[in-house]
Structures are given as structure tokens and as C-alpha cells.
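A.B. asks: One structure, pasted below without further comment.
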Amino acid sequence: MRGWICARRNEQQMGKRIPAKKTATVIERDGGLCFLRIAKDSLGEATVADHRANRGNGGANSLDGYSNLLAACTLCNGFKESGANRGELLARGVRVQSDSTHEKTAIRALNTPVVDVNGRTWWLDNTGLRHDRQPQPY
Numbered sequence: 032m033r034g035w036i037c038a039r040r041n042e043q044q045m046g047k048r049i050p051a052k053k054t055a056t057v058i059e060r061d062g063g064l065c066f067l068r069i070a071k072d073s074l075g076e077a078t079v080a081d082h083r084a085n086r087g088n089g090g091a092n093s094l095d096g097y098s099n100l101l102a103a104c105t106l107c108n109g110f111k112e113s114g115a116n117r118g119e120l121l122a123r124g125v126r127v128q129s130d131s132t133h134e135k136t137a138i139r140a141l142n143t144p145v146v147d148v149n150g151r152t153w154w155l156d157n158t159g160l161r162h163d164r165q166p167q168p169y
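Residue numbers (the working numbering): 32 to 169.
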């Protein structure tokens with residue numbers, strides 16, 4: 032029975048993948064490189080979009096906004112959850128602490144800048160762009 036539940040959960044999550052066009056926009060925005068660069072053997076080239084604040088068990092589409100996504104290689108994407116220093120991830124903004132609702136978490140991601148491996152700070156907006164200073168509210 033347990034195997035069936037896991038298989039069913041995976042089927043449900045597969046339907047909630049980030050659309051390919053959005054992933055391509057994120058990778059292009061981040062220069063085609065892994066923004067995380069935290070795994071010892073980081074591949075450097077980004078192939079996936081990684082959530083800064085996890086959706087958890089499928090989560091909400093509100094956490095699929097561009098401001099909550101970073102380009103990543105598959106190694107760093109996996110290492111982020113299994114072995115990376117959470118405090119360092121939070122300090123760089125590549126991890127965003129969840130809030131009481133998905134909508135509040137999405138706003139937190141929008142208002143939390145990210146720091147790249149060269150120490151440059153970026154603010155991510157929900158149109159797929161990044162800025163070197165905080166954009167004015169709409």
C-alpha cells in the first residue's frame with residue numbers, strides 16, 4: 032500500500048512541474064549558469080529552475096513566480112536539500128524561509144534579493160527579469 036501512495040504522490044507532483052518556457056526564461060535570465068553553485072562538483076551549466084521557497088508536496092502555483100525561481104544544475108539542485116548549509120543559503124537569498132501562507136511566501140521571495148557567487152546582489156521580479164537595485168512597487 033505504501034508504494035502505491037508514493038507512486039500516486041509522484042504522479043500528482045509531475046503534473047505541477049514548472050512549464051518549459053518559464054524554465055528557459057529563468058535559465059536565460061541567469062546567464063545559462065547555475066546560480067546556486069554550492070555542490071563541490073557543480074556542473075556550472077543550468078538545466079533546471081529551482082524554487083527558492085519550496086512548494087513542498089506539490090505546493091501552490093503562487094510559488095512558481097519568477098521571483099521564486101533560480102537557474103540551477105541538477106547536482107546543486109539536489110545538494111540544496113540534502114547537504115548544503117541552510118544558513119548560508121538563506122543569507123544569499125537562494126533559499127527563502129516559508130511564511131504562514133503560500134501567497135505571503137511568494138511576496139517574501141519577491142522582496143528578498145539574491146547574491147550570486149561573485150557577491151553581486153540582484154532583485155528578481157515576476158516578469159522574468161533581474162535588477163541590480165530594488166524595483167519600485169507597481
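A virtual CB, placed ideally from N, CA and C, is assigned to each residue, including glycine.
(1) Taking 6 Å as the limit between beta carbons, can you name the residues of its chain near Val-57, skipping five residues before and five after?
(2) Given a cut-off of 7 Å on the beta-carbon distance, is the pair Thr-152 and Val-127 in contact?
(3) How many angstroms separate the CA atom of Trp-154 from the CA atom of Leu-141?
(4) Between Leu-67, Gly-87, Asp-72 and Gly-124, which lies nearest to Asn-108 when the distance is taken from Cα to Cα?
(5) So if DSSP puts Glu-76 in a beta bridge, which residue, or which two residues, is it bridged to?
(6) Residue ranges of each beta strand (DSSP E) run of no fewer than 3 residues wholly in the region 86 to 112, ordered along the chain?
C.D. replies: On the basis of the coordinates in this document:
(1) Excluding five sequence positions before and after Val-57, the CB atoms of its chain that fall closer than 6 Å to its own CB belong to Ala-80, Leu-100 and Ala-102, given in chain order.
(2) No, these two residues do not count as a Cβ contact at 7 Å.
(3) Trp-154 and Leu-141: Cα-Cα distance of roughly 8 Å.
(4) Nearest option by C-alpha distance: Leu-67.
(5) Answer is Leu-64, bridged to Glu-76.
(6) Listed in chain order, they are 100 to 103.
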